[in-house]
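Line order of the protein sequences matches chains G and L. Each residue of the first sequence is one higher than the one before, starting from 1 at the first, in this note's numbering. Each residue of the second sequence is one higher than the one before, starting from 1 at the first, in this note's numbering. Reviewing the structure listed below.
2 protein chains.
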Amino acid sequence: MTLPPSAYQKLESVFARRTALMGALGILHWDSRTMMPDAAAPSRAEQVAALELVLHEQLSDPRVADWLAEAEARTADLNDWQRANLREMRRVRDLAAALPADLVEAQARAHSRAEATWCTAKPKADFAALRPALEEVLALKREEASVKAGILGCGLYDALHDGYEPGNRVADFAPVFDAYADWLPGFLEKVEARQAAEPAPLPMDGAFPIAGQRDLAIGLAARIGYTGRVDETMHAFCGGATGDVRITSRFDEANWFKSLKSSLHETGHALYEQGRPQAWMQQPVGFARGLAVHESQSLTFDMQVGRHPRFLEWLLPQMKAAFGVDGPGWTVENMQRRFRQVQRTLIRVDADEVTYPAHVILRWRLEQAMVEGRLEIADLPAAWNEGLRGLLGITPPDDGVGCLQDLHWPMGLWGYFPTYTLGAMMAAQLFQGALNDIPGLEDQLGRGEFGPLVGWLRDKVHRWGRFLTTRELLIQATGKPLDAGVFQAHLERRYLG
Amino acid sequence: MTLPPSAYQKLESVFARRTALMGALGILHWDSRTMMPDAAAPSRAEQVAALELVLHEQLSDPRVADWLAEAEARTADLNDWQRANLREMRRVRDLAAALPADLVEAQARAHSRAEATWCTAKPKADFAALRPALEEVLALKREEASVKAGILGCGLYDALHDGYEPGNRVADFAPVFDAYADWLPGFLEKVEARQAAEPAPLPMDGAFPIAGQRDLAIGLAARIGYTGRVDETMHAFCGGATGDVRITSRFDEANWFKSLKSSLHETGHALYEQGRPQAWMQQPVGFARGLAVHESQSLTFDMQVGRHPRFLEWLLPQMKAAFGVDGPGWTVENMQRRFRQVQRTLIRVDADEVTYPAHVILRWRLEQAMVEGRLEIADLPAAWNEGLRGLLGITPPDDGVGCLQDLHWPMGLWGYFPTYTLGAMMAAQLFQGALNDIPGLEDQLGRGEFGPLVGWLRDKVHRWGRFLTTRELLIQATGKPLDAGVFQAHLERRYLG
Numbered sequence: 001m002t003l004p005p006s007a008y009q010k011l012e013s014v015f016a017r018r019t020a021l022m023g024a025l026g027i028l029h030w031d032s033r034t035m036m037p038d039a040a041a042p043s044r045a046e047q048v049a050a051l052e053l054v055l056h057e058q059l060s061d062p063r064v065a066d067w068l069a070e071a072e073a074r075t076a077d078l079n080d081w082q083r084a085n086l087r088e089m090r091r092v093r094d095l096a097a098a099l100p101a102d103l104v105e106a107q108a109r110a111h112s113r114a115e116a117t118w119c120t121a122k123p124k125a126d127f128a129a130l131r132p133a134l135e136e137v138l139a140l141k142r143e144e145a146s147v148k149a150g151i152l153g154c155g156l157y158d159a160l161h162d163g164y165e166p167g168n169r170v171a172d173f174a175p176v177f178d179a180y181a182d183w184l185p186g187f188l189e190k191v192e193a194r195q196a197a198e199p200a201p202l203p204m205d206g207a208f209p210i211a212g213q214r215d216l217a218i219g220l221a222a223r224i225g226y227t228g229r230v231d232e233t234m235h236a237f238c239g240g241a242t243g244d245v246r247i248t249s250r251f252d253e254a255n256w257f258k259s260l261k262s263s264l265h266e267t268g269h270a271l272y273e274q275g276r277p278q279a280w281m282q283q284p285v286g287f288a289r290g291l292a293v294h295e296s297q298s299l300t301f302d303m304q305v306g307r308h309p310r311f312l313e314w315l316l317p318q319m320k321a322a323f324g325v326d327g328p329g330w331t332v333e334n335m336q337r338r339f340r341q342v343q344r345t346l347i348r349v350d351a352d353e354v355t356y357p358a359h360v361i362l363r364w365r366l367e368q369a370m371v372e373g374r375l376e377i378a379d380l381p382a383a384w385n386e387g388l389r390g391l392l393g394i395t396p397p398d399d400g401v402g403c404l405q406d407l408h409w410p411m412g413l414w415g416y417f418p419t420y421t422l423g424a425m426m427a428a429q430l431f432q433g434a435l436n437d438i439p440g441l442e443d444q445l446g447r448g449e450f451g452p453l454v455g456w457l458r459d460k461v462h463r464w465g466r467f468l469t470t471r472e473l474l475i476q477a478t479g480k481p482l483d484a485g486v487f488q489a490h491l492e493r494r495y496l497g
Numbered sequence: 001m002t003l004p005p006s007a008y009q010k011l012e013s014v015f016a017r018r019t020a021l022m023g024a025l026g027i028l029h030w031d032s033r034t035m036m037p038d039a040a041a042p043s044r045a046e047q048v049a050a051l052e053l054v055l056h057e058q059l060s061d062p063r064v065a066d067w068l069a070e071a072e073a074r075t076a077d078l079n080d081w082q083r084a085n086l087r088e089m090r091r092v093r094d095l096a097a098a099l100p101a102d103l104v105e106a107q108a109r110a111h112s113r114a115e116a117t118w119c120t121a122k123p124k125a126d127f128a129a130l131r132p133a134l135e136e137v138l139a140l141k142r143e144e145a146s147v148k149a150g151i152l153g154c155g156l157y158d159a160l161h162d163g164y165e166p167g168n169r170v171a172d173f174a175p176v177f178d179a180y181a182d183w184l185p186g187f188l189e190k191v192e193a194r195q196a197a198e199p200a201p202l203p204m205d206g207a208f209p210i211a212g213q214r215d216l217a218i219g220l221a222a223r224i225g226y227t228g229r230v231d232e233t234m235h236a237f238c239g240g241a242t243g244d245v246r247i248t249s250r251f252d253e254a255n256w257f258k259s260l261k262s263s264l265h266e267t268g269h270a271l272y273e274q275g276r277p278q279a280w281m282q283q284p285v286g287f288a289r290g291l292a293v294h295e296s297q298s299l300t301f302d303m304q305v306g307r308h309p310r311f312l313e314w315l316l317p318q319m320k321a322a323f324g325v326d327g328p329g330w331t332v333e334n335m336q337r338r339f340r341q342v343q344r345t346l347i348r349v350d351a352d353e354v355t356y357p358a359h360v361i362l363r364w365r366l367e368q369a370m371v372e373g374r375l376e377i378a379d380l381p382a383a384w385n386e387g388l389r390g391l392l393g394i395t396p397p398d399d400g401v402g403c404l405q406d407l408h409w410p411m412g413l414w415g416y417f418p419t420y421t422l423g424a425m426m427a428a429q430l431f432q433g434a435l436n437d438i439p440g441l442e443d444q445l446g447r448g449e450f451g452p453l454v455g456w457l458r459d460k461v462h463r464w465g466r467f468l469t470t471r472e473l474l475i476q477a478t479g480k481p482l483d484a485g486v487f488q489a490h491l492e493r494r495y496l497g
């Protein structure tokens, strides 16, 4: 006799189907950016809207709420992973059900209005033009934060950050970010002094035909352990679906470094997606922990491995052979020197490894203050300029290269910025953990052997999905929670060592 | 004051959403055949199954049945197109709701079992090995036919054919097919006699680099009027979504003819999809009439235009220039002679324009007899061999090149075969109609001008969607229902003229 499925089992079916539909959306999104003719955009928008409506309706089904309650009343029947999965299902469903449809709709309108205004205001450095639209975005964000904070039992800013790194809280990173901000000015001075004393890096010019860059990108991603498509887009990304992860890279004939960097970066993301717990691939507990942990995986390859002298030792001869380039600039030492150039810049996306966190810390402090009602949009430009002066000692000549530079806030991405620096710090901490645990890791990188490192990441990060919190994951992998000291030690080695 | 939406308007929303979800499925299908890594097949199968379940559930919603009844009670409020749309909605919903889920599931299993068995049985010409699986397929098909016949109020075979050419009936084509079968033996003898008296066609050899073939294919499709992607696949197809039609072609370095033929063919399909009534694109009444009319559009370009001497006059210099080929074989007259070669072959897919209908007529007669219970699977090989002898005077040495040659029956495609020949006959009739209506059409083809012909097809076929039946469409376009005489006259001109 077959038993009828339990409430928990019925939920697993619902969420497996949800994952399949999200996979369909993922492929459509990939197609939009790689293959779709522009003229098909309206048709694609209808497909995406129809699928999103299906996903929303699926969770609004009252039976889902009943099954959740029933399963939660019988957790003794479940094992640890099933219980963790049930917790994630509850989270997904409650957040989806909580937001009133008219708030979601108002946000969609406000974001597209603010985004459009930003496109004309930014080139003119006209903050006043964006202000009303941004005020509307913030007002709606605060409503959203208030609803979510009630469900999650956390602060307003926490509630927004939770949308990008579920379960992670300001308390988990504020001390770490503040410590970095305190440490940075002194460190930066030392780095600049050393840089001034060093000769400038030699050029590494040449012709880098796209076909060759593409072959290198594909070969490198495959060698590291990624299986799947590698396509070309203006902005590289990792997307696709569960079971069909796809990365893109960007290729610039005059600059081989962009494609190398973006290939390593997206390969790191893809390895995480492909290494999620195989038995839980279709279930919420099997999803990637969040964007911060995701970024730690991409930055492990992009910034830790990709700038490691032993890796460069292995890579350099291949680049020289592939592009027929050579000369005094084509040495590991010179590549390292290039990678080590530091500059106090106004623009986040142009910032180097050392100053990038200052840009993130500035934005985090400002957006938290705005969400908590301690800072008005009207006062943002002044607060921005003052904050940047405090962190990096520079001041924007106008708001176009100041508080208007990013699209995140107009688009409604609030609470997102910290994931960049959390990712960078975790990458340093994880890579240090791997160095501690894997004998001969640096020699392996010198031979282009990535198996042991990828195996370690699979074991310590990928296979845990959402079973552990971000904090638990780091402790389990490296013996301690997020520690700015590890990142700082890494920077000291790389920039002063 | 805004009135609440009527039942009919609510149905339009449901079906527009359905079209968007079908579009998502169309893009996933295109991706499966052009872009998807093989390893992603299981993930894709889950996405497709999840979407198909959504589509099924959408129509099973009891509100849809209520709205249909309500709208049908108030058709006085609707205009002609809305009424026709309501008729199509009713048809789609009733057919979807009628088939018991366990029958659909049993069919899916039976088809995949029969397909797998066929793959090993066919190379060994072992009909006995396929027989049990095929008997199961037929038994389930007869169940399906019986359910559908009850809803449509038609014969068992009609009910299956209706799945491919909705509304079309055996009575619409049986006399035409029978007339062709009677006329063929005498005609074939005359063609063979002429062919024996003519010199063999000269070779048109050369090197045809894929890149050049691709450029020609893309340029030709665009010149005829298609807008969208052209990709490469082993088997060419036209797919994608409403608003995002995509075609593929196949390229063989040794054989430029394959890509020319498949590009013309798929361009014809794509023009139909892109020319459907713009105001009804998302609604059932705006869909393509059926596979037979679809095939008539592809064959208009592939067989009517593509082998017309005036078109070849325009095309030939371009081919010579593109591939740097020349010589005595590269003349319009020789190309026509090549296209005119006729041979009594055992294999449908290798058959020429003249004998192809005989293969279709054989299959139609046999499948109708099987569905109606007048022929057992056990007796199929003998009936096949006897039928082919009657039609073409040849007999297969074994079942591998006889009744085992096609995958249609194991896959559950019963009632499909007639659409091939219906398409060929309609293409001849429509092209003759265009010749009658458009002054100077042949001169236009000689200059590579396709606008007037495409405009005529848009006006007479494409823009009607499913508003008219297949029969009404042909009468409206050409003044009469399907007439084997027009196709026969075309063959007489081309093969004996």
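Even for Gly, the Cβ is constructed at its ideal location relative to N, Cα and C.
- According to the DSSP assignment, T248(G) belongs to the beta strand (DSSP E) that extends over 244 to 249.
- With its beta carbon less than 9 Å from one in chain G, A24(L) belongs to the interface.
- Look at the region 222 to 238 of chain L: the residues with a C-beta under 9 Å from a C-beta of chain G are T227, G228, R229, D231.
- Under the 9 Å criterion on CB atoms, L51(L) is classed as interfacial with respect to chain G.
- The CB of R17(G) comes closer than 9 Å to the CB of E46, A49, A50, L53, V54 in chain L, given here in chain order.
- Taking 3 residues as the shortest admissible run, the region 25 to 106 of chain L contains no complete beta strand (DSSP E) segment at all.
- In terms of Cα proximity to F417(L), the closest of V170(L), Q488(L), G150(L) is V170(L).
- Interface criterion not met: the Cβ of G286(G) is under 9 Å from no Cβ in chain L.
- Of all residues in the region 239 to 253 of chain L, only A241, T242, G243, D244 place a beta-carbon less than 7 Å from a beta-carbon of chain G.
- Cβ atoms of A50(L) and R246(G) stay farther apart than 8 Å, at about 19 Å.
- Taken in chain order, the unbroken stretches of beta strand (DSSP E) that lie wholly in the region 241 to 323 of chain G and span 3 residues or more are 244 to 249.
- Remark: C-beta atoms of L388(G) and A424(G) do not approach each other more closely than 9 Å.
- Secondary structure of E232(L) (DSSP, three-state): strand.
- DSSP places S146(L) in the uninterrupted alpha helix (DSSP H) bounded by 127 to 152.
- In the structure shown, C238(L) falls within a strand segment according to DSSP collapsed to helix, strand and coil.
- Taking all protein chains shown into account, V64(L) has 16 or more neighbouring C-beta atoms within 10 Å of its C-beta and is therefore buried.
- Going by DSSP, A217(G) is part of the alpha helix (DSSP H) stretching over 210 to 224.
- Along the region 30 to 42 of chain G, the positions whose C-beta sits under 8 Å from a C-beta of chain L are D31, M35, M36, P37, A39, A40, P42, read in chain order.
- The residues R310, in chain order, have a CB closer than 6 Å to that of E442(L) in the same chain once the five nearest residues on each side in sequence are set aside.
- Rounded to whole angstroms, the gap between the alpha carbons of A101(L) and T242(L) is 28 Å.
- A straight-line Cα-Cα distance of about 19 Å links P328(L) and A254(L).
- With fewer than 16 neighbouring CB atoms inside 10 Å of its own CB, S60(L) falls in the exposed class.
- For H408(G), the enclosing alpha helix (DSSP H) has its first and last residue at 408 to 411.
- The beta carbon of A110(G) sits no closer than 9 Å to any beta carbon of chain L.
- Under the three-state reduction of DSSP output, I347(L) falls in the coil class, being neither helix nor strand.
- Of all C-beta pairs linking the region 268 to 279 of chain L to the region 453 to 471 of chain L, three or more are shorter than 8 Å, placing the two stretches in contact.
- For L264(G), same chain residues with a beta-carbon under 6 Å away, outside a window of 5 residues either side, are F301, D302, G306 in chain order.
- DSSP places F487(L) inside the alpha helix (DSSP H), whose first and last residues are 484 to 496.
- Annotation: the continuous alpha helix (DSSP H) that includes D182(G) extends over 170 to 197.
- The contact set of I210(G) on chain L, defined by CB atoms closer than 8 Å, is empty, because the minimum CB distance reaches about 16 Å.
- Contact annotation, Q429(G) with V486(G): C-beta distance approximately 4 Å; criterion of less than 8 Å satisfied.
- Taken atom to atom, the span from the alpha-carbon of A193(G) to that of W30(L) is near 58 Å.
- The criterion of a C-beta distance shorter than 9 Å is satisfied by L346(L) and P396(L).
- A straight line joining the alpha-carbon of V48(G) with that of L25(G) spans about 7 Å.
- Any Cβ of chain G closer than 9 Å to the Cβ of L496(L) would place that residue at the interface, and such an atom is absent.
- Distances from the CA of A321(G) to each of D437(G), I224(G), G212(G) were compared; the closest alpha carbon is that of G212(G).
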